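Contents: one structure, followed by commentary.
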Amino acid sequence: MGKNRIAIASIVLVILAALVLWKLKEREAEVVAEPDVKITLPAFKQGDIDELTFAASDRPKVRHVKTGGTWNLVEPLAAKSDQSAITTALSKLGELEVTGVAATRKENHAKLEVDATKGTRVTAKAGGKTVLDVWIGNYRSGNSMLRKEGEDAVATVKG
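If you read the sequence shown in our numbering, its first letter stands for residue 307, the second for the next number, and so on.
Right, here's the structure in full:
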């Protein structure tokens with residue numbers, strides 16, 4: 307009876323080892339090398355920006371326009387903008403530094419909150435021309451998630 311137990315245990319052990327090896331090989335086959343993606347942000351001069359818009363699905367769109375050297379809120383209502391807040395926002399946008407690539411597929415946009423449902427769209431214009439159009443999402447491990455409008459790749463940015 308003892309010999310049968312050892313033989314059965316050995317067979318079970320061999321089968322389990324084969325299953326583990328098979329699963330490991332299957333997992334290796336699933337790992338696909340990500341394409342070499344380089345994300346760059348456009349350079350712009352803070353003083354050239356004359357329109358700044360922030361839009362999120364759960365809040366009204368906020369649009370600031372610079373006229374005669376003074377920033378004014380034009381949406382959702384007309385009022386004078388907080389000049390230092392606009393200057394700080396433009397400064398921070400100009401200091402953004404891409405530190406890596408968080409995702410390359412559209413399926414990850416919702417999870418990283420860089421989509422129209424959860425993200426905040428930031429648009430900056432100079433002379434009526436869009437110089438920056440990005441979605442800002444989650445803040446993770448000291449970096450924010452950022453995606454350029456119309457692109458699938460999501461960058462991790464510092465700043």
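From the three backbone atoms N, C-alpha and C, an ideal C-beta is built for every residue, glycine too.
Given the structure is predicted, the values throughout are model-derived calculations rather than measurements.
> Excluding five sequence neighbours on each side, which residues of the same chain lie with their C-beta closer than 6 Å to the C-beta of Ala455?
Replying inline: The identity of residue 455 in the sequence shown is Glu, whereas the question assumes Ala. The answer, listed in chain order, is Asp439.
> Ile442 lies in the beta strand (DSSP E); which residues open and close that run?
Replying inline: Lys435 to Arg446
> Between Pro382, Gly448, Ala323 and Asp364, which lies nearest to Val404 when the distance is taken from Cα to Cα?
Replying inline: Gly448
>> Let me check understanding here. Comparing Cα to Cα, which of Ala432, Ile321 and Glu381 lies closest to Arg365?
In response: Glu381
> From what residue to what residue does the alpha helix (DSSP H) around Ser277 run?
Replying inline: This structure cannot speak to residue 277, because the chain is shown only from 307 to 465.
>> In chain order, what are the residue ranges of uninterrupted beta strand (DSSP E) at least 3 long that sit wholly in the stretch 334-387?
In response: 357-362, 365-373 and 376-381
> Quick one: what's Arg311 bridged to in DSSP?
Replying inline: Arg311 pairs with nothing; no bridge assigned.
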